[in-house]
Ligand SMILES: [Ca+2]
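In our numbering, the protein residues as written are 1 to 229.
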């Protein structure tokens, strides 16, 4: 015996057959449909409002106050000489709440021999890896370079992950949480080693035996600020 057989359609049938109750039912159904649509639209709007409110509370803008720590050396290198310059970046040099973002090194020189028709010398330079905590394998790094026309050699080491100094967005329930990725300590603290090598180019029948080379180091430090729009 199936369940369908037990269901009595008589009542429903008489309801549908009766024109009065039919009208009533259509009215009731229409009103129900209107209420349902209205409630659904209302709920969806409310949901949207709540979601927007929640999102706007979690969205923060992160900007950076920038400063620099500089080192500079000007030395005379002799032909074929390779010299290492070590720069110590210590916690005491870095103001409170600041972190080391990246380190730029510029090696510059010109032809100063005074010899007639003396061509520019060749200089090459490398930032040698040390125990300093930095992004040694970052794609944006330029850890070595060379010049043979007296143009500057520009090197760069990314120390803090993803730092580029540009305003960015963050999410979090409060500024402390939002700033967490930008307040890690240790990056860029330690020894920066820059190796510079000189190979002179001499004019015919004369000897250019040395050159003056300047190593300029610019350490970019930053302090992150979070503002809720
Ligand atoms: Ca020369």
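C-beta atoms are modelled at their ideal positions from N, C-alpha and C, and glycine is treated no differently.
Counting every other CB atom within 10 Å of its CB across the protein chains shown gives residue 44 a total below 16, marking it as exposed. Shown here, residue 177 sits in a helix according to DSSP, grouped into three states.
For residue 148, no beta strand (DSSP E) encloses it, and the DSSP letter there is neither H nor E. In this chain, the beta strand (DSSP E) harbouring residue 101 covers 99-109. Not a single heavy atom of ligand 1 lies less than 7 Å from the C-beta of residue 229.
Residue 60 is bridged by DSSP to 170. Here residue 111 really is in contact with residue 121; their C-beta atoms are around 7 Å apart, less than 8 Å.
Between the stretch 194-206 and the stretch 167-185 there are fewer than three inter-stretch CB-CB distances shorter than 8 Å, so the stretches are not counted as touching.
Here residue 165 is actually not in contact with residue 155; their C-beta atoms are around 18 Å apart, not less than 8 Å. In this structure, DSSP gives residue 33 a helical state, which the three-state scheme calls helix.
At a Cβ-Cβ threshold of 8 Å, residue 222 and residue 66 count as neighbours. The beta carbon of residue 119 sits closer than 7 Å to at least one heavy atom of ligand 1. Annotation for residue 203: 115, 116, 117, 118, 119 place their beta carbon closer than 8 Å to its own, counting only its chain and skipping 5 residues before and after. Less than 8 Å separates the beta-carbon of residue 153 from that of residue 107. About 6 Å separates the beta carbons of residue 109 and residue 212, which is inside the 8 Å limit, making them a contact pair. Not one heavy atom of ligand 1 sits closer than 7 Å to the Cβ of residue 209. Between residue 220 and residue 62, the gap from beta carbon to beta carbon reaches 8 Å or more.
Residue 105 places its beta carbon 8 Å or farther from that of residue 189.
Taking C-beta separations shorter than 8 Å and ignoring five residues to either side along the sequence, the partners of residue 78 in its chain run 198, 209, 210, following chain order. DSSP places residue 75 in the strand class (E or B) of the three-state scheme.
Under the DSSP assignment, residue 191 falls in the beta strand (DSSP E) whose first and last residues are 190-199.
In the three-state scheme derived from DSSP, where H, G and I count as helix and E and B as strand, residue 209 is classed as coil.
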